[in-house]
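Quick note: the sequence shown, position 135, residue 135 per UniProt numbering, numbers continuous. For reference, the structure discussed in these notes is given below.
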Amino acid sequence: MATTQSNDHGAGLLDAQLELYANTLAVVKSMALKTAMDLGIADAIHHHGGAATLPQILTRVTLHPSKIPCLRRLMRVLTLTGVFAVEKPTAADEPPVYALTPVSRLLVSSGNLQQAPIMSLLLHPSCITPFLRIGDWLQRELPGPSIFEHTHGRSLWEVADGDAAFSKVFDDAMVSDSRLVMDVVVREHGEVFRGISSLVDVAGGHGTAAQAIARAFPEVKCSVMDLAHVVAKAPGGTGVEYIAGDMFESIPPANAVFLKWIIHDWGDDECVKVLKNAKKAIPSKDAGGKVIIIDVVVGAGPPDQKHIELQALFGAYMMLINGVERDEKEWKKVFIEAGFSGYKIIPVLGFRSIIEVYP
């Protein structure tokens, strides 16, 4: 008891306070990353060959001279979090050299797999502001408006439909995520598409995922189904067919239905409705019919702290739109309710998994 009291009044109290401060100020990490993207710091370092001093970075970044000390503070946070690396000077009069890491290479705008657009969406003021009202929202009965709608008076989908600037942020985000994920999927896990003659990418936007599949597997006839206003803006000459439709009403027939990061946007009732329509669209299991889902399976994947924490963070973040990140038991429930006979979880995409679902 004496030891416990000592800890409560000494090191234990300070350690507890440290944890509170660390959690409270964790938001600064996100804002530092957002600022680095807004300023184009990764591009500036890339311009100098992947490593640059602060004066060299400032040749490519617009910053008021009075704020240079603030940039040093920002870079300290960004190096501590691993976004950039820093090489300490060997002499007192030499400036530190900042370098790109595997993380910040994904922020270089000229990179084909750059991830700044998806991070910019997640950190967009319209998406972050609602979390300041989460306490009030949690006291309201469900079903009801999402935190986003509770804050803005419109759903995220309605804002994206009516606000051209936000729509571009959203579209660019989905494209950037699909480019990286599908690059990995088709190169390292293409077996999920073998034996398929046709595939429809449901809610596939501008078709980035379907295009990647079509390039890697030209024998698969790929199509994209999305709402009419999305399909109207789809690019031409992509090698895939675009079909206007609503996944809650029906899905065009195909050998396989592809759902990348779609199901987690919705509650169970909506998911079951989409999955039932997917089941109607595909042939029997014996004839090769299946649904291919790319999404989070909570508890699947690498067991390290970072993956576990990210799945939990996404689970909380999806409350923004009344979405749900599901564990295997919760996935099984919606699959059974939709009439499927079985499924296979393939946890090979970091914090996400590939799920094959069989009629």
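Cβ coordinates follow ideal geometry from the N, Cα and C atoms, glycine included.
| Asked | Found |
| --- | --- |
| Cβ neighbour criterion (16 or more within 10 Å) applied to residue 112 | exposed |
| Closest Cα partner of residue 148 within the set 41, 128, 135 | 128 |
| Contact the stretch 250-265 vs the stretch 317-324: 3+ CB pairs below 8 Å | yes |
| Residues of its chain near residue 42, where Cβ-Cβ distance is below 6 Å and the 5 sequence neighbours each way are ignored | 104, 107, 108 |
| Closest by C-alpha distance to residue 228, when choosing among 217, 161, 286 | 161 |
| Closest by C-alpha distance to residue 195, when choosing among 287, 306, 258 | 287 |
| Endpoints, alpha helix (DSSP H) assigned at residue 226 | Not the alpha helix (DSSP H): residue 226 falls in the beta strand (DSSP E), residues 221-226. |
| Range covered by the beta strand (DSSP E) that runs through residue 294 | 290-295 |
| For residue 336, three-class secondary structure by DSSP | helix |
| Rounded Cβ spacing between residue 293 and residue 355 (contact assumed at less than 8 Å) | 4 Å |
| Cutoff 8 Å; reference residue 110; Cβ partners in own chain excluding five residues on either side | 43, 46 |
| 6 Å Cβ shell around residue 345 - same chain, five flanking residues per side excluded | 297, 300, 353, 355 |
| Residues of its chain near residue 365, where Cβ-Cβ distance is below 8 Å and the 5 sequence neighbours each way are ignored | Limits of the chain in this structure are 1 at one end and 359 at the other, which puts residue 365 out of reach. |
| Contiguous beta strand (DSSP E) assignments of at least 3 residues, all confined to the UniProt domain "O-methyltransferase dimerisation" (26-110) | 51-53, 84-87, 97-100 |
| Euclidean distance between Cα positions of residue 67 and residue 92 | 22 Å |
| Buried or exposed (CB count within 10 angstroms, at least 16 for buried), residue 23 | exposed |
| Alpha-carbon to alpha-carbon, residue 9 and residue 2 | Model confidence at residue 2 stands at a pLDDT of 48, short of 50, so the residue's coordinates are unreliable; what they give is reported in the following sentence. Each residue's alpha carbon lies about 11 Å from the other. |
| Rounded distance between the beta-carbons of residue 197 and residue 221, thought under 8 Å | 7 Å |
| Cβ neighbour criterion (16 or more within 10 Å) applied to residue 211 | buried |
| Residue 98, buried or exposed, once every other Cβ within 10 Å from all chains shown has been counted against 16 | buried |
| Where the alpha helix (DSSP H) containing residue 117 begins and where it ends | 116-122 |
| Under the three-state DSSP convention, the category residue 12 falls into | helix |
| Own chain residues within Cβ distance below 6 Å of residue 60, not counting five before or after | 44, 47 |
| Backbone secondary structure at residue 298 - three-state DSSP | strand |
| Residues that DSSP places opposite residue 244 in a beta bridge | 226 |
| Extent of the continuous beta strand (DSSP E) to which residue 135 belongs | It is not in any beta strand (DSSP E) - residue 135 instead sits in the alpha helix (DSSP H) that spans 134-138. |
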